[in-house]
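Here is the structure we will look at.
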Amino acid sequence: MHQKAALFRDNEKGQQILSTTDPLTMKRLGRKVNGFDAKVWSGQCVNIVKRGFTAKFKQNPHLERALKETFPKILAKASPSDRLWGIGLGLQDKPQIRKTWRGKNRLGYLLTDVRNKIMSENGMFNQ
69 MHQKAALFRD NEKGQQILST TDPLTMKRLG RKVNGFDAKV WSGQCVNIVK RGFTAKFKQN
129 PHLERALKET FPKILAKASP SDRLWGIGLG LQDKPQIRKT WRGKNRLGYL LTDVRNKIMS
189 ENGMFNQ
């Protein structure tokens, strides 16, 4: 969310986002970014999130190891209300059956890509 605020040059909202540790507060503040343009955000958000995931998992060995342990699975965000970043299904909906997904699973595919890239860079498999 901080990068969303930075993209639209809303420094005040960016500082508020950095000053909290609560993800729901960050998300709420991210929805209030001044100057937000959905078209601009749509063109940038995937790369921003991918860079964030890469940094997060590369700088924390525990998280990196946990991510690698998910291989070879396709990761998914099980959220019945999120059809863009998630699969549009909850855990109770048997989300492991990919053909039943109602959403694009943008978040899950990004995590899967980041995991595979990290593993490839570490020589764990050849692509």
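Plus 68 on top of the position in the sequence shown (first one is 1) and you've got this note's numbering. For glycine and all other residues, C-beta sits at the position ideal for the given N, C-alpha and C.
Helix, strand or coil for A144 per DSSP? coil
Check whether the stretch 114–129 touches the stretch 182–192, taking contact to mean three or more Cβ pairs, one atom from each stretch, closer than 8 Å. yes
Once the 5 residues before and after H70 are set aside, which same chain residues still bring their CB inside 7 Å of it? G82, I85, L86
Helix, strand or coil, according to DSSP, for V182 in the structure here? helix
Exposed unless 16 or more other CB atoms sit within 10 angstroms - verdict on I155: buried
If you draw a straight line from the C-alpha of A144 to the C-alpha of R96, how long is it? 23 Å
Decide if D90 is buried, meaning its Cβ has at least 16 other Cβ atoms within 10 Å, or exposed. Classification for D90: exposed.
G171 (DSSP reduced to helix, strand or coil): coil
On a Cα-Cα basis, can you pick out the residue from F193, M192, T168, A73 that is closest to I116? A73
R151 and G176 look like a contact to me (Cβ under 8 Å); what is the Cβ gap, rounded to whole Å? 12 Å between Cβ atoms; not a contact.
State the start and end residues of the unbroken alpha helix (DSSP H) segment that holds G120. 106–126
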